[in-house]
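Data first, discussion second: the structure below is written as structure tokens.
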Amino acid sequence: MDCANARAFMCPELDGELPVTDSALLQEHLHICPKCSQEWESLLSVDQNIRSLDAQSVVPEGLNERILAAVASKKEKRQLGFRLVSLVLVAAAASFGIFVISPNLVGLKHDSAEVLVNETADGSAEPSETNFRHLTTFRPSELEDAVKAVGFGNRVSTLANLRVSGVDVFQDKQGKKILRTCYQDQKDQTFCIDCYQLPTGLLSFYGTEQLLIAGRKMFFKHVGNHNVVLVSREGIDYLYASSLSKERLLSMLTKNS
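Under numbering that gives the first Met the number 0, the first residue of the sequence shown is numbered 0, with each subsequent residue one higher.
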């Protein structure tokens, strides 16, 4: 696990929502990375201070909304930044005995594409269901029906010369549906490419590298053992995840664009 993934996992770990396997990877990284370990200890300290506040204190009218608006305006901050900014604001106000943070603000976070990939990639039909719930599986021949089932007007396009090997529908905690199509080579089945299809902006995608390939804007990031590429068009995000090299994955997507 690299530092970027470790930071993305810290908030879910703090809330007890990180899958056991990811939690173990995070703790292993914290054990060997002094910088991330220091950030984790700071986050723990602030969170513990917030949870120890007097539950009888009164929240001034409109203060919760002002804090949420301030946090939301930091669009360029990573997920950890969102969490630290909100907690620090609350801790500063609480030090004057003004109020106690709302549980909704303590849990403020936005599900990320990184978490989706970590939970469901490589054709796994059953995620941890901490963040995303598996709804149903379609046969490869039922791809068009699957697209209609999630309410998308677009059909998942073909990918290079690969075949569809599996189709699944997932749901996030807000009830939004996500279509995942798994692609494999007819002969070489040692790898797969997962294509997630979801409404644009539904999931955040932190720390991305922006690319322009064949006139199309793409965003790239390494997530765990996967290379992930995000392409948006006509209100739909297409998220491609694979253990293939960055170059080979982009080559296949370029042929498909």
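Don't be surprised by glycine CBs; every beta carbon is placed ideally from N, CA and C.
Would residue i be called buried (16 or more neighbouring beta carbons within 10 Å of its own) or exposed?
i	result
L252	buried
H225	buried
G234	exposed
E12	buried
What are the start and end residues of the beta strand (DSSP E) that includes residue i?
i	result
D144	Note, D144: premise wrong, no beta strand (DSSP E); alpha helix (DSSP H) at L142 to A148.
P198	I192 to P198
L229	H225 to R232
S244	Premise fails: S244 is in no beta strand (DSSP E) and is neither H nor E.
CB residue i to CB residue j, shorter than 7 Å?
i	j	result
Y195	I177	yes
A145	F151	no
L29	S22	no
E113	A240	no
G223	N130	no
F219	V228	yes
S242	F190	yes
L42	M9	yes
S203	S111	yes
L210	D236	no
Q183	S164	yes
L134	K175	no
V159	K34	Sequence check: residue 159 is Ala here, not Val. No, Cβ-Cβ distance for A159 and K34 is not below 7 Å.
Which residue or residues does DSSP assign as beta-bridge partners of residue i?
i	result
Q183	R162
H133	F169
M217	L210
D1	In the DSSP output, where bridge partners are listed per residue, D1 has none listed.
L252	For L252, which the question treats as bridged, DSSP gives no partner whatsoever.
V45	Bridge partners of V45: none, in fact.
K176	Q170
D236	L197 and S231
S203	S111
Restricting to Cα atoms, I'd like to know which of the options is closest to residue i.
i	options	result
K147	S244, V168, A240 and V45	V168
C181	L134, G214, R215 and T119	T119
L24	L243, L238, N4 and G165	N4
D171	L161, V149 and T207	V149
R132	A159, R179, K216 and V228	R179
I192	L43, S203 and S123	S123
E141	L161, T157, V166 and R162	V166
Locate the alpha helix (DSSP H) running through residue i, then write down its first and last residues.
i	result
E113	A112 to T119
E208	No alpha helix (DSSP H) holds E208; the beta strand (DSSP E) holding it covers E208 to I212.
Would you check whether the ligand GDP has a heavy atom nearer than 6 Å to the C-beta of residue i?
i	result
Q188	As for the ligand GDP, it is missing from this structure, which has no ligand bound.
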